[in-house]
Every structure is written in C-alpha cells, then in structure tokens.
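Working notes, beginning with the structure itself.
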Amino acid sequence: MPGRDEDELLLANEAFYAAFARGDAAAMEELWAREHPVACLHPGWPPLKSRDQIVQSWRGILANPPRPAIVVIEPRTFLLDGAGVVVCWEAIGEVHLVASNMFVREGGIWRIALHQSGQTEHAPKLDAAPSAPSSTRLH
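Structure follows, in structure tokens:
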C-alpha cells in the first residue's frame with residue numbers, strides 16, 4: 005500500500021497530465037522545477053535541457069488544440085533520496101507510449117524535473133481490471 009510520499013508523487017503526476025488535458029500552460033509551467041536541473045524528451049524531439057526551452061515547448065504544444073486525450077495506465081512510483089519517479093503507460097487512442105516522470109522536492113512540493121515519453125511496440129494488457137498503482141523505494 006502506498007504511503008504519503010507515494011500518494012503525493014502520484015498526485016503530482018496526475019497534475020502534470022491534467023495540465024496537459026486542460027491546455028493550461030501556466031499550470032504546466034508551475035509544475036516544473038526551478039531549483040534543480042530539468043530535461044524533457046518529447047517523442048521524436050531532441051532533448052530539451054533548460055527550463056526556458058521546456059516551458060516554451062509546452063506553451064507551443066498546449067496552444068495547438070485539439071490535444072489528444074492521454075490515459076495514464078499502471079503508474080508505478082520509485083522513491084529515491086529527495087526525488088521520485090513515476091513510470092507509466094500513456095494510452096493515446098490505440099497508440100501506447102512509455103513515460104517516465106522524475107520529480108524533486110522543492111519547498112516540500114513535488115516538482116517535475118524530467119519527462120520522457122516514447123513509442124513502444126508493446127502495450128499493457130487491458131483485458132483485466134486496472135491494477136492499483138504500485139510503489140518501490142530505492143535507496
């Protein structure tokens with residue numbers, strides 16, 4: 005059963021996808037870390053390695069509706085010292101991507117420091133009921 009840190013990490017991950025779904029560039033910008041190094045790897049793009057580049061990329065993406073609906077499947081948390089990672093599937097219609105979102109604590113709040121998403125030939129098995137999020141502590 006996830007603990008408080010894992011629950012907060014999953015909520016931060018959900019906030020990331022909710023900002024995307026709403027097309028809310030201000031909320032997306034607020035989610036990104038300011039005190040730690042950041043990077044973003046959009047599918048098919050070169051790596052973005054500065055907060056300014058990342059914020060600008062999201063502003064451009066979110067300004068161009070319609071945005072595809074993304075369903076997050078099987079999020080799994082990994083806690084590290086002062087950081088957390090959520091690995092999940094992103095279902096966009098029939099297409100599945102694999103994503104990893106790394107978060108860091110800033111002022112007691114989880115902020116995203118890395119988003120990486122890419123296509124995969126594999127897809128999660130959806131014939132069973134969705135599984136509850138799982139968590140792992142890495143030390």
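Heads up, the sequence shown is in our numbering, so the first residue is 5 and it goes up one at a time. Beta carbons: idealized from backbone N, C-alpha and C, even for Gly. As the structure is a prediction and not an experimental result, all values here were calculated from the model.
Chain-order list of residues whose beta-carbon lies under 8 Å from that of residue i (same chain, five-residue window excluded)
i: Trp-49; result: Ser-61
i: Ile-74; result: Tyr-21, Phe-24, Ala-25, Glu-94, Ala-95, Ile-96
i: Glu-12; result: Trp-114
i: Gly-86; result: Val-108, Arg-109
Proximal residues to residue i (C-beta, below 6 Å), its chain only, five neighbours per side dropped
i: Glu-39; result: Glu-110
i: Arg-63; result: Ala-29
i: Met-32; result: Ala-23, Trp-62
i: Pro-72; result: Ile-96
i: Ala-133; result: Summary for Ala-133: the model assigns pLDDT 42, below 50, so the residue's position carries little reliability, and this model does not support an answer.
i: Gly-7; result: none
i: His-143; result: Reliability of the predicted coordinates at His-143 is poor, the pLDDT of 34 falling under 50, and the value obtained from them is presented with this limitation in mind. Excluding sequence neighbours, His-143 sits near nothing in its chain.
i: Ala-103; result: Cys-92, Glu-94, Ser-121
Neighbourhood of residue i by C-beta distance below 7 Å, restricted to the same chain and skipping five residues each side
i: Pro-47; result: Leu-101, Ser-121, Gly-122, Gln-123
i: Glu-78; result: Cys-92, Trp-93, Pro-128, Ser-135
i: Trp-36; result: Val-42, Arg-55, Ile-58, Val-59, Arg-115, Ile-116
Residues bridged to residue i (per DSSP)
i: Ser-104; result: Val-91, Gln-120
i: Leu-52; result: Cys-44
i: Ile-113; result: Glu-110
i: Ile-96; result: Val-99
Assigned exposure category for residue i - 16 Cβ within 10 Å defines buried
i: His-119; result: buried
i: Ile-113; result: exposed
i: Pro-70; result: exposed
i: Asn-105; result: buried
i: Val-89; result: buried
i: Glu-125; result: exposed
i: Arg-141; result: Unreliable positioning characterises Arg-141 in this predicted model, as indicated by a pLDDT of 43, which lies under 50. A coordinate reading is not provided.
i: Leu-84; result: exposed
i: Glu-98; result: exposed
Whole-Å CB distance - residue i paired with residue j, under 8 Å assumed
i: Leu-66; j: Gly-27; result: 5 Å
i: Ala-166; j: Phe-107; result: This structure gives no information on residue 166, because the portion of the chain shown stretches from 5 to 143.
Residue i, enclosing alpha helix (DSSP H) - first and last residue
i: Leu-45; result: First-last for Leu-45: 43 to 45, but that is the beta strand (DSSP E), not the alpha helix (DSSP H).
i: Ala-25; result: 8 to 26
i: Ala-29; result: 29 to 35
Opening and closing residue of the beta strand (DSSP E) in which residue i lies
i: Glu-78; result: 75 to 84
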